[in-house]
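Numbering (our numbering), first residue to last: 129 to 228.
Yeah, the Cβ is synthetic: ideal placement off N, Cα and C, and Gly gets one too.
If you're wondering where the values come from, they're calculated on a predicted model, not measured in any experiment.
Reviewing the structure listed below.
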């Protein structure tokens, strides 16, 4: 049996710790969640990508790349997008984490 034959779905791939580290899995989860919230906030404000581009100073194609997961924004770019939507970033402990 080849080492990938047990993988039937993307969820199987993500669950395979030999392929995806916990840190990589968390990074993907964060990217999906963050992008989803960005789109949700933009749409809730009735804004198009073009509207957000004007408000943020970014170009509409850059926003499209971020929203389609073809580009990962730097923190400063993310803040340029979030502030016109009435949001900011916040660091919070992971659930079940005993870190300060």
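When the distance is taken between beta carbons, is residue j closer than 8 angstroms to residue i?
i, j, result
"residue 213", "residue 170", "yes"
"residue 184", "residue 208", "yes"
"residue 197", "residue 176", "no"
"residue 200", "residue 140", "no"
Mapping the DSSP letters down to three states, classify residue i as helix, strand or coil.
i, result
"residue 141", "helix"
"residue 217", "coil"
"residue 205", "helix"
"residue 160", "helix"
"residue 171", "helix"
"residue 129", "Its pLDDT being 43, under 50, residue 129 is placed unreliably by the model, and the measurement read from it follows with that caveat. Three-state result, residue 129: coil."
Between residue i and residue j, what straight-line distance do the alpha-carbon atoms span, to the nearest angstrom?
i, j, result
"residue 210", "residue 154", "21 angstroms"
"residue 161", "residue 204", "18 angstroms"
"residue 138", "residue 144", "10 angstroms"
"residue 180", "residue 167", "10 angstroms"
"residue 223", "residue 182", "37 angstroms"
"residue 195", "residue 215", "16 angstroms"
"residue 221", "residue 156", "17 angstroms"
"residue 202", "residue 136", "33 angstroms"
"residue 174", "residue 142", "34 angstroms"
"residue 165", "residue 206", "12 angstroms"
"residue 172", "residue 186", "20 angstroms"
*Are the segment 184-196 and the segment 149-161 touching, with three or more C-beta to C-beta distances below 8 angstroms?*
no
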